[in-house]
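Asks: Quick one: this structure, given as structure tokens, is what I'll be asking you about.
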Amino acid sequence: MAIFKFTENRIRDLPLGSGIHRDTEVKGLMCICHKTTKSYCVQGDVRRQKRHVRTVRVKIGRVDHVRLAEARNEARKLMATIQSGVDPTAGPESSGITLEQALAAHLKERDLSDATVRNYQYHMDNYLGRLRKRAVADITRQDCRDLLDTLTRRHGKTTGGSVMRTVRALVNTARRHDETIGANPVDAIRVPATPRRKVGEMDVAGFWSVTSAMSPVMRDLQRAFLLTGARRTSLLGVRRADFDAERAVLTFTHMKTGGSWAFPTGRWLTAALRARLDEDAPLNSPWLWPSPGSATGHIAEPKRGGVPSPHALRHHARTMMIAAGVPYAEGALLLGQRLPGASGGYVHQAHLVEALRPHAQALEDLVLREAEPGGSAEVVVLDGRRARAG
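Numbering of the sequence shown is given in my numbering, commencing with residue 24 and proceeding in unit increments.
Put into structure tokens, the structure is as follows:
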């Protein structure tokens with residue numbers, strides 16, 4: 024921290040990223056040099072009845088937007104307010120539904136997955152602390168711009184965009200409860216879109232070779248991700264009772280779209296899961312992918328070096344479905360996705376398990392052909408028997 028008399032030239036010459044600098048002429052006036060911008064701020068202690076209440080910092084404006092003389096005048100006014108015991112950041116008393124109350128209403132009205140609920144609450148607890156007690160009607164466009172600018176600078180565009188989408192959803196919920204709330208302030212700013220994941224081409228034979236060196240349970244789990252295209256939480260949350268070996272049906276109960284989803288397993292995957300049930304029976308675990316050392320009792324972190332993430336394997340499964348000739352609608356249903364349009368609401372996957380089986384088998388056959396061109400992919404069972412594809 025440097026303390027000196029501010030001049031326009033000295034402020035201009037301060038290097039970006041050099042931190043906080045204080046003015047000797049006006050008490051509390053600071054110039055903060057961030058990585059990409061410089062801003063004037065004022066900081067002081069709010070005291071009431073000779074007791075320290077809090078230290079507050081108020082942004083005056085960016086150096087390239089505010090002249091030094093204007094910043095000094097504004098700093099004197101703000102310091103006078105702070106020294107009188109008034110917190111200039113407190114704002115008016117909130118009236119009407121607050122952002123925190125809007126979150127409670129939003130979660131009550133919607134049937135959301137546990138992961139989505141945790142995500143909303145995480146945003147509220149970690150990024151929206153200064154707005155959570157504010158009345159939604161009092162949240163301005165400038166508040167949203169400042170919030171997005173701060174989040175982007177500190178945490179990146181992806182986090183900034185995600186939090187702003189949360190704010191937009193909560194404001195929309197609040198508007199349904201309070202008709203006095205006007206337009207959604209988030210609509211006035213450009214929220215960064217979530218960047219699409221880039222998934223490169225997959226060497227299926229290499230993937231098969233790498234997974235062969237893993238523990239049996241991890242090997243089977245990684246291959247099941249590719250052969251089902253299931254989401255991470257959907258496959259990890261499968262219990263032993265969710266696999267019907269006689270019908271060759273694997274039921275996912277943790278679905279992003281809600282409800283459960285029955286996946287028709289191919290011949291190779293069916294044999295692999297039967298072997299998995301036999302091998303893990305002595306553990307007496309309710310989970311299909313047991314991990315006695317895990318807090319949940321099942322594998323919680325499937326990503327391993329040398330193999331794609333579960334989400335990337337889902338991308339590869341969808342691509343290979345197309346390569347295997349699986350039609351669009353059937354491929355979407357195999358992935359547990361809802362079909363678009365009004366007619367999609369009339370399609371009930373539970374009645375289509377057997378109709379989808381040939382398409383799941385087509386995906387599996389293609390994977391096995393690329394994994395071992397001779398078609399010799401096999402599952403080793405405890406007693407030494409081998410179950411071959413086909």
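All residues carry an ideal CB built from backbone N, CA and C; glycine is no exception.
1. With 16 other CB atoms within 10 Å as the buried threshold, where does I345 fall?
2. Alpha carbon to alpha carbon, what distance is there between R176 and W231?
3. Which residue marks the beginning of the alpha helix (DSSP H) containing A378, and which one marks its end?
4. So, using beta-carbon positions, are A98 and I83 closer together than 8 Å?
5. Using the three-state DSSP reduction, which class does L336 fall into: helix, strand or coil?
6. Which one or two residues does DSSP pair with G84 in a beta bridge?
7. The alpha helix (DSSP H) with W312 in it runs from where to where?
8. Per DSSP, what kind of secondary structure is S117 in: helix, strand or coil?
9. Tell me G42's beta-bridge partners as DSSP assigns them.
10. Taking the alpha carbon of E51 as the reference point, which residue from N142, Q66 and D210 has its own alpha carbon closest?
11. For A253 versus F275, is the C-beta distance shorter than 8 Å?
12. I'd like the list of long-range same chain contacts for V69, defined as Cβ closer than 8 Å, with 5 residues on each side in sequence excluded.
13. Applying the criterion that 16 or more other CB atoms from any shown protein chain within 10 Å of the CB defines a buried residue, is N32 buried or exposed?
14. Determine the closest residue to S283 out of M24, L273 and R290, with distance taken between C-alpha atoms.
15. Kindly identify the DSSP beta-bridge partner or partners of H321.
16. Write down the C-beta distance between A125 and V89 rounded to the nearest angstrom, noting that I regard them as a contact closer than 8 Å.
17. Quick check: what's the CA-CA separation for V214 versus G289?
18. Secondary structure at F248, three-state DSSP: helix, strand or coil?
19. Which of helix, strand or coil does DSSP assign to T189?
20. Given that a residue counts as buried once 16 or more other Cβ atoms are within 10 Å of its Cβ, and exposed if not, what is R35?
21. Go through the region 127-176 residue by residue and report every complete run of the alpha helix (DSSP H) that reaches 4 residues or more, in order.
22. Roughly how many whole angstroms lie between the Cα atoms of L292 and R262?
23. Rounded to the nearest angstrom, what separates L356 and K131 at their Cα positions?
24. Tell whether a beta-carbon distance below 8 Å holds between D46 and K61.
Replies: Let me lay it out:
1. Along the sequence shown, one-based indexing puts residue 345 at 322. Counting other Cβ atoms within 10 Å of its Cβ, I345 stays below 16 and is therefore classed as exposed.
2. Reading the sequence shown from its first residue, position 208 is the one you call residue 231. Reading the sequence shown from its first residue, position 153 is the one you call residue 176. W231 and R176: Cα-Cα distance of roughly 41 Å.
3. The sequence position of residue 378 within the sequence shown is 355, counting from 1. Looking at the DSSP string, the run of the alpha helix (DSSP H) that includes A378 is V376 to A394.
4. Residue 98 sits at position 75 when you count from the first residue of the sequence shown. Residue 83 sits at position 60 when you count from the first residue of the sequence shown. Yes, these two residues count as a Cβ contact at 8 Å.
5. For the purposes of this step, residue 336 is taken as the residue at position 313 of the sequence shown. L336: helix per DSSP, three-state reduction.
6. For this step, residue 84 is matched to residue 61 along the sequence shown. Under DSSP, G84 forms a beta bridge with Y63.
7. Against the sequence shown, residue 312 aligns to sequence position 289. For W312, no alpha helix (DSSP H) encloses it, and the DSSP letter there is neither H nor E.
8. For the purposes of this step, residue 117 is taken as residue 94 along the sequence shown, with counting starting at 1. Residue confidence is low: S117 scores 48 on pLDDT, short of 50, so the model does not pin down where it sits. Its coordinate-derived value is still stated next. In the structure shown, S117 falls within a coil segment according to DSSP collapsed to helix, strand and coil.
9. Counted from its first residue, the sequence shown places residue 42 at position 19. G42 is bridged to C56.
10. Here residue 51 is taken as the residue at index 28 of the sequence shown, counted from 1. Going by the sequence as given, residue 51 is Gly instead of Glu. Nearest neighbour of G51 by Cα position, chosen from N142, Q66 and D210, turns out to be Q66.
11. Start at 1 with the first residue of the sequence shown, and residue 253 comes out as number 230. Start at 1 with the first residue of the sequence shown, and residue 275 comes out as number 252. The criterion of a C-beta distance shorter than 8 Å is satisfied by A253 and F275.
12. Your numbering for residue 69 matches position 46 in the sequence shown. Taken in chain order, the residues that qualify are H75, V76, R77, T78, V79, I105, G108, V109 and D110.
13. For the purposes of this step, residue 32 is taken as residue 9 along the sequence shown, with counting starting at 1. Classification of N32: exposed, given that the 10 Å Cβ count is below 16.
14. Along the sequence shown, read from residue 1 onward, the residue named residue 283 stands at position 260. Nearest to S283 by C-alpha distance, out of M24, L273 and R290, is L273.
15. As a working mapping, residue 321 is identified with position 298 in the sequence shown. For H321, which the question treats as bridged, DSSP gives the partners P313.
16. On the sequence shown, position 102 is the one that residue 125 refers to. On the sequence shown, position 66 is the one that residue 89 refers to. So it is not a contact: roughly 34 Å between Cβ atoms.
17. The residue you call residue 214 lines up with position 191 of the sequence shown. The residue you call residue 289 lines up with position 266 of the sequence shown. C-alpha separation (whole angstroms): 43 Å.
18. By one-based count along the sequence shown, residue 248 stands at place 225. Three-state DSSP puts F248 in a helix.
19. Taking the sequence shown and counting its residues from 1, the one referred to as residue 189 is at position 166. Annotated three-state conformation of T189 is helix, per DSSP.
20. The residue given as residue 35 occupies position 12 in the sequence shown. By the Cβ neighbour-count rule, R35 is exposed, with fewer than 16 other Cβ atoms within 10 Å of its own.
21. Taking only runs of at least 4 residues, the alpha helix (DSSP H) segments lying wholly in the region 127-176 are 137-149.
22. The count along the sequence shown starts at 1 and reaches residue 292 at position 269. The count along the sequence shown starts at 1 and reaches residue 262 at position 239. Cα-Cα distance, rounded: 16 Å.
23. For the purposes of this step, residue 356 is taken as residue 333 along the sequence shown, with counting starting at 1. For the purposes of this step, residue 131 is taken as residue 108 along the sequence shown, with counting starting at 1. The C-alpha of L356 lies about 29 Å from the C-alpha of K131.
24. Here residue 46 refers to the residue found at position 23 of the sequence shown. Here residue 61 refers to the residue found at position 38 of the sequence shown. It is not a contact, given that the beta carbons lie outside the stated cut-off.
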